[in-house]
Amino acid sequence: MKTRKLAIVAATTLASLAAVAAQQAWDGTYSPYTVHYLMYSGTLSEKQAPTRTDKRLSFAVQGQLAKEMFDAIGPDLKLGCGTTLGMRQRERGDVACSFDKDDVKSPYTCHFGIDLRKGKSIEGATC
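So the mapping is simple: the numbering used here equals the position in the sequence shown, first residue as 1, plus 1372.
If you want it as structure tokens, here you go:
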């Protein structure tokens, strides 16, 4: 019985230490990350090639960064556009994030955009 309790305590301690080690201390430096982007003109629903006078960027982020963004902008929308069973959506301003439990590879995705000519944030995805 003592051995079993000791094993449980040891396993719990190791799991806690591993979780703490996985979180790096914030040091104020940029972190590398891969994002997907689309440069276009017009609207996302009727996008065209960018022009000299109309350039917009839409970014799609997946993985751990998307999870952190999803967690930060909470709570879930009650009625999300295009939401299916097992999917959750959150929005804050021009940032839209989703969680799809059926997407095993990358369940978290966030979109946001920038109008480069105006220097303003815009939505990065359509419904």
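Quick reminder that beta carbons are idealized off the backbone N, C-alpha and C, glycines included. Every value quoted in this text rests on a predicted model; they were computed, and no experiment measured them.
Given residue i as reference, the closest of the options once Cα atoms are compared
| i | options | result |
| --- | --- | --- |
| D1487 | R1462, W1398, R1424 | R1424 |
| G1491 | D1448, A1421, V1476, D1426 | D1426 |
| I1445 | Y1412, F1471, T1406 | F1471 |
| D1466 | G1400, D1475, S1493 | S1493 |
| K1477 | R1489, F1442, P1447, Q1436 | Q1436 |
| G1501 | H1408, S1417, D1475 | Any question about residue 1501 goes unanswered here, given that the chain covers just 1373 to 1499. |
| P1447 | G1454, E1440, Q1461, Y1409 | Q1461 |
6 Å CB neighbourhood of residue i in its chain, flanking five on each side removed
| i | result |
| --- | --- |
| T1481 | Q1434, A1438, S1470 |
| H1483 | A1432, A1468, G1496, A1497 |
| M1419 | Note that residue 1419 is Lys in the sequence shown, not Met. Same-chain partners within the cutoff: Y1412. |
| A1393 | Bear in mind that the predicted position of A1393 carries a pLDDT of just 42, short of 50, making it unreliable; the figure below should be weighed with that in mind. Within the same chain, A1393 has no close Cβ partners at all. |
Close beta carbons around residue i, own chain, < 7 Å, minus the five adjacent residues each side
| i | result |
| --- | --- |
| P1422 | M1411, Y1412, S1413 |
Residue i beta carbon near the ligand ATP (any heavy atom closer than 8 Å)
| i | result |
| --- | --- |
| R1424 | Because no ligand of any kind appears in the structure shown, any question about the ligand ATP cannot be addressed here. |
Bounding residues of the beta strand (DSSP E) (the contiguous stretch that carries residue i)
| i | result |
| --- | --- |
| L1410 | 1408–1412 |
| L1429 | 1428–1434 |
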